[in-house]
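Here the structure is laid out as structure tokens; the discussion comes afterwards.
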Amino acid sequence: MSFAIPMPDPTVLPVAGGDLFPVRRVLCVARNYAAHAREMGQDPDREPPFFFSKPADAVSIAPSIPYPPATEDLHHEVEMVVALGRGGAAIDPDNALEHVFGYTVGLDLTRRDIQAEAKKNGRPWDMAKGFDFSAPCGILRRASEIGHPSKGRISLDINGERRQVGDLSEMIWSVSEMIGHLSRLVTLAPGDLIFTGTPEGVGPIRRGDQLHAVVEGVAEMKVAVV
Ligand code: MN
């Protein structure tokens, strides 16, 4: 039997050292740094985490991406990204890091105007979060090489100016805890990416901006918005 239409190309992330990592799902945690929760008008108390997702083909490794349609308020959210090498359901947080293949840096790009409208009307976030090129990512680093980072600076510069800065140690929910929670909502599998939340300082991107995202000791990424 042949495919009725051409098989879509798989989304892949390059791995430092040469291999390719196939992306299955992109899962994201919201409000995982207290100072960002506060800037979004939320109480950062430790309520259970909540999640949203982006389609796998929103991931981009291109050096430039187009400014998306249907927004005049595209926002940057710099985040550490976890890549799973093993899956499972109801994963014990104590063993969760064994499921991690590696880490990189990513941008959870957000059409903030569409998100604000969705929040106001109790509508889904999909079109605010899951648009084309909404998840630029850097090169993956293997956990076997760099370990499991739980501290270190995370930052975003635009046109050479610092816009966001925080430290991984400020995460409300750890990577282990996120894997534990997520795997009780859906069965996780190799190829899943988890965006781990953004520190404070989110703000607008303009056409022509050059973004430089860094997770210290993990990865960095440069991307232009054209
Ligand atoms: Mn985010």
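Every position in the sequence shown, counted from 1, becomes a number in this note's numbering once 162 is added. Positions of the beta carbon are idealized from the N, C-alpha and C atoms, including for glycine. No experiment lies behind these values; they were computed from the predicted model shown.
Residue ranges of uninterrupted alpha helix (DSSP H) with 4 or more members, entirely inside the region 163–236 and ordered along the chain, are 196–201.
The beta carbon of Trp287 is closer than 7 Å to those of Phe214, Gln277, Ala280 in its chain, skipping five residues each way along the sequence. For Gly370, the closest alpha carbon among the candidates Glu378, Ala386, Asn283 is that of Ala386. Distances from the alpha-carbon of Ile227 to those of Asn257, Cys299, Arg186 put Cys299 closest.
Of all residues, those with a beta-carbon under 5 Å from at least one heavy atom of the ligand MN are Glu239, Asp270, Thr360, reported in chain order. Taking Ile367 as the centre and dropping the five residues before and after it, the same chain places the C-beta of Tyr229, Leu236, His237, His238, Leu271, Ile320, Leu373, Val387 closer than 8 Å to its C-beta, in chain order. About 6 Å separates the beta carbons of Gly292 and Ala220, which is inside the 8 Å limit, making them a contact pair. Between the alpha carbons of Arg193 and Ile301 lies a gap of roughly 24 Å. Arg273 is a Cβ neighbour of Ala232, given a cutoff of 8 Å.
Only exposed fits Ile167, as fewer than 16 other CB atoms lie within 10 angstroms of its CB.
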